[in-house]
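Just so we're aligned: the sequence shown equals residues 0 to 339 in numbering that gives the first Met the number 0.
By construction, the Cβ of each residue, glycine as well, lies at the ideal position given by its N, Cα and C atoms.
Read the structure below first, then the notes.
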Amino acid sequence: MPHPQKNPGPVTGRVLARPSTSLAPRILILGGGFAGVTTALTLAKRCAGVLPVHITLVSAQNFFLFTPMLAEAATGAVETRHVLYPIRPLCGDRGVEFGEMVVESIDLDRRRVVARHRRSDIRQHVHYDKLVLALGATPNVAMAPGATEHALTFKGVGDAVRIRNRVIDLFEAAALTDDPWVRKRLLTFVVVGAGHAGTELMGALEELARGILLRHYPSIPRNAVRLVLVGSAVLPQTATNLAAYAREQLLERGIELETARAAGVSAEGLALQDGRVIPSNCVIWTAGNRVSPVIADLPLAKARDGRLLVNEFCEVKGARDVYALGDNAAQTDPHTGAPD
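What follows is the structure, encoded as structure tokens:
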């Protein structure tokens, strides 16, 4: 049975990848992260002069974010402009058409994606012959009550700047009080989630707080700064020996590792499921992701976390000519059956 589709409204503006009688297949890639941009540029390079194709990349942002250095951007070790790269010239130089749009829905039966510009009413029906889903994921702050209202997230450049500003503001406030308990709360920084993002961020925060800021606040003793990384294990998806090394390094740098699960976030700090509370004015949430609502709406087989089931070629099960990559894909090891 065809999946019911919302009325997408009229098409306005110039149409990308319109229906065509050309023999060149239309490859539509959704998402401007590592998976989407790499796929677009690699296909353009390998097909050039060999196979005529029309490649279109659609992303909600017109820049590519180099996420491995986002933690350094949060602490000011690198400028934010050094972790961003404009997508349009990157694509244009290789013959890839680009559209800065938010994907609203995907019609698998009509092989059509409905998207719009995020700051206008301009809407497009983008047709495809082959579709690549690389829309990424967003922090699942709904996992704990109060996280949406009281926790900072760590996904984009805006988040990085907000974290840095919060840390500096709290140091300024701590410099104005002689109350050790008030100061301790102001200078307790909590990161929830000990995966790659959380662990990298915590290491960068330690360098910022103790390695840089303390030098400018002589009235604040070193032991007033408390750093807490909350997670069942450090780097759980990494090889055991590397995870153990990372854990050892965190402990050597005076970072507390808390294995109790987070129960909620409030203006008072982070509540743990065992009843304890970590008083803090700076709780940063990196634990857990949720897939794009567009992916969640697709009537296709998914893993428990909402990712699309794919085979060893990243082909989505139950959908012809549709591929999923990165945080949108759930692939199992063909030998062990274990999830990726």
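So, are the CB atoms of F97 and L83 less than 8 Å apart?
-> Position 98 of the sequence shown, counting from 1, holds the residue named residue 97. Position 84 of the sequence shown, counting from 1, holds the residue named residue 83. No; because the gap between Cβ atoms is not below 8 Å, this pair is not in contact.
For this session: Buried or exposed for D158, please, with buried defined as at least 16 other CB atoms from any protein chain shown within 10 angstroms of its CB.
Result: Reading the sequence shown from its first residue, position 159 is the one you call residue 158. Buried, since its Cβ has 16 or more Cβ neighbours within 10 Å.
Less than 8 Å between the beta carbons of L308 and A34, yes or no? Locating residue 308 in the sequence shown gives position 309, where the first residue counts as 1. Locating residue 34 in the sequence shown gives position 35, where the first residue counts as 1. No, the pair does not count as a contact, with Cβ atoms beyond the cut-off.
Q. If T187 sits next to R161, beta carbons under 8 Å apart, how far is it from one beta carbon to the other, in whole angstroms?
A. The count along the sequence shown starts at 1 and reaches residue 187 at position 188. The count along the sequence shown starts at 1 and reaches residue 161 at position 162. T187 to R161, Cβ: 18 Å. No contact.
* **Rounded separation between A59 and L89 - CA only** => The residue given as residue 59 occupies position 60 in the sequence shown. The residue given as residue 89 occupies position 90 in the sequence shown. So the two alpha carbons sit approximately 16 Å from each other.
- Where N164 and A208 are concerned, what is the direct C-alpha to C-alpha distance, given to the nearest angstrom? For this step, residue 164 is matched to residue 165 along the sequence shown. For this step, residue 208 is matched to residue 209 along the sequence shown. Their backbone Cα atoms lie some 12 Å apart in a straight line.
Runs of beta strand (DSSP E) wholly within the stretch 258-324 (minimum 3 residues, chain order): 261-265, 268-271, 276-278, 281-284, 288-290, 307-309, 321-323
When C313, D320, D326, Y322 are compared against D332, the one with the closest alpha-carbon:
Here the question's residue 332 lines up with position 333 in the sequence shown. Residue C313 is the option with its Cα nearest to D332.
Does DSSP put H116 in a helix, in a strand, or in coil? Within the sequence shown, residue 116 is the residue found at index 117, counting from 1. Looking at H116 - three-state DSSP - the assignment turns out to be coil, as it is neither helix nor strand.
Check each candidate in T79, V57, P67 and name the one with the smallest Cα separation from H116. Position 117 of the sequence shown, counted from the start, is the residue given in the question as residue 116. Measuring from the Cα of H116, the nearest candidate turns out to be V57.
### Message
So, does the stretch 293-306 touch the stretch 176-190, judging by three or more C-beta pairs under 8 Å?
### Response
no
Nearest-angstrom Cα separation, counted from A262 out to T79 | Walking along the sequence shown from the start, residue 79 turns up at place 80. Walking along the sequence shown from the start, residue 262 turns up at place 263. Rounded to the nearest angstrom, the two C-alpha atoms are 33 Å apart.
Residue span of the beta strand (DSSP E) that contains L207, given as start and end: Working through the sequence shown from its first residue, we reach residue 207 at position 208. Run containing L207: none; DSSP gives neither H nor E here.
Task: Contained alpha helix (DSSP H) runs [length at least 4] in the stretch 142-214, N- to C-terminal order - done: 146-149, 156-173, 179-185, 195-205
Could you say which of I167, D128, S265 lies nearest to A341 if we only look at CA atoms?
No answer is possible for residue 341: it lies beyond the span of the chain, which begins at 0 and ends at 339.
Going by other Cβ atoms of all chains shown within 10 Å of its Cβ, with 16 needed for buried, is H81 buried or exposed?
For this step, residue 81 is matched to residue 82 along the sequence shown. The residue in question, H81, is exposed, as its Cβ has fewer than 16 Cβ neighbours within 10 Å.
Residues near S65 by beta carbon distance below 6 Å, same chain, minus five either side:
Counting from one through the sequence shown, the residue named residue 65 turns up at place 66. It is worth fixing the name first, because residue 65 is Phe in this sequence and not Ser. Closer than 6 Å at Cβ, skipping near neighbours: V82.
- Okay, do the stretch 196-205 and the stretch 216-235 touch, 3+ Cβ pairs below 8 Å being the bar? yes
Report, in whole angstroms, the separation of the C-beta atoms of L228 and A193, which I expect to be a contact under 8 Å. Counted from its first residue, the sequence shown places residue 228 at position 229. Counted from its first residue, the sequence shown places residue 193 at position 194. Sure, about 5 Å apart at Cβ, within 8 Å.
* Asked: Does the Cβ of V191 have 16 or more other Cβ atoms within 10 Å, making it buried, or fewer, making it exposed?
  -> Walking along the sequence shown from the start, residue 191 turns up at place 192. The residue in question, V191, is buried, as its Cβ has 16 or more Cβ neighbours within 10 Å.
### Query
Once you ignore the five residues that flank E148 on each side, which residues in its own chain have a CB closer than 8 Å to its CB?
Working through the sequence shown from its first residue, we reach residue 148 at position 149. Taken in chain order, the residues that qualify are V264.
Can you check DSSP and say which residues form a bridge with H126?
Your numbering for residue 126 matches position 127 in the sequence shown. R111.
Could you pull out every residue in the same chain whose Cβ sits closer than 6 Å to the Cβ of D296, ignoring the five residues on either side in sequence? For this step, residue 296 is matched to residue 297 along the sequence shown. Excluding residues within five positions, none has a Cβ falling inside 6 Å.
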